[in-house]
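Chemist:
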Amino acid sequence: DSGVTQTPKHLITATGQRVTLRCSPRSGDLSVYWYQQSLDQGLQFLIQYYNGEERAKGNILERFSAQQFPDLHSELNLSSLELGDSALYFCASSVLVGPLHFGNGTRLTVT
Amino acid sequence: GENVEQHPSTLSVQEGDSAVIKCTYSDSASNYFPWYKQELGKRPQLIIDIRSNVGEKKDQRIAVTLNKTAKHFSLHITETQPEDSAVYFCAASISGNAGNMLTFGGGTRLMVKP
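Protein sequences, first through last, are from chains A and C.
Heads up: the first sequence begins at 1 in this note's numbering, then just goes up one per residue.
Heads up: the second sequence begins at 1001 in this note's numbering, then just goes up one per residue.
1) Please tell me whether A/S38 has its Cβ less than 8 Å away from any Cβ of chain C.
2) Among the candidates A/A92, A/Q44, A/L76, whose CA atom is the shortest distance from the CA of A/S31?
3) Checking contacts by CB at 8 Å: is A/Y50 closer than that to chain C?
4) Where do the ends of the beta strand (DSSP E) carrying A/E75 lie?
5) Is the beta carbon of C/C1090 sitting closer than 8 Å to the one on C/V1004?
6) Residues in its own chain within less than 7 Å of C/E1079 by CB, not counting five upstream and five downstream?
7) Does the separation of the CB atoms of A/L76 and A/F90 fall below 8 Å?
8) Report back the beta-carbon spacing between A/V4 and A/F102 to the nearest angstrom; my notes put them in contact at under 8 Å.
9) Going by DSSP, name the residue or residues bridged to A/L112.
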């Protein structure tokens, strides 16, 4: 167990809908990272937060947004969903310059 | 931005043989290089990492080497076992005040045949 908690584990929704993925980092970790992994693909960086502030942004679509709350949990919001958004979404956390520890992911299926 | 290339994409070895996976990176400012193992449907798990002030690091059957001049690093697994079968990802980052955002390679599917 990495100590990073992601909910829900699975999400099935229809095109055009909006979903929210939640992540609770390991105790003491202030950084949260979101990654997308499509079928048989690598890990694509979406966005990073540190202590509530956005620190880095990858190839995140404008339909996607995220935030980190004062209790350090983070949410990734995906809207106007398309079939191509179906993927595993991983959250990871770290101390500022420490190793990333990944949660078990949320599998999103858009039908 | 950083770009990480990983080779080979698939690797099949006999149990007991060694496996080597190689990665190159583009940004000479990168200073942190972890390796992750991902089993099917599971989360990536850190297996070993190395920082740019070190040329080699070993942990039991796993070792990583780094060549900063050539901007490449490699994972070596000795005495492979069937449970080593998984997808392995290398990554690179500029670890510092901005955090530790990792850029991943495309992955190597390792199959260890009993």
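The C-beta atom is built at its ideal place from N, Cα and C for all residues, glycine as well.
What you are looking at is a predicted structure, and each value in this text was computed from that prediction instead of being measured.
Modeler: In brief:
1) no
2) A/A92
3) yes
4) 74-78
5) yes
6) G1016, R1061
7) no
8) 6 Å
9) What is shown of chain A runs 1 to 111, which leaves residue 112 of chain A out entirely.
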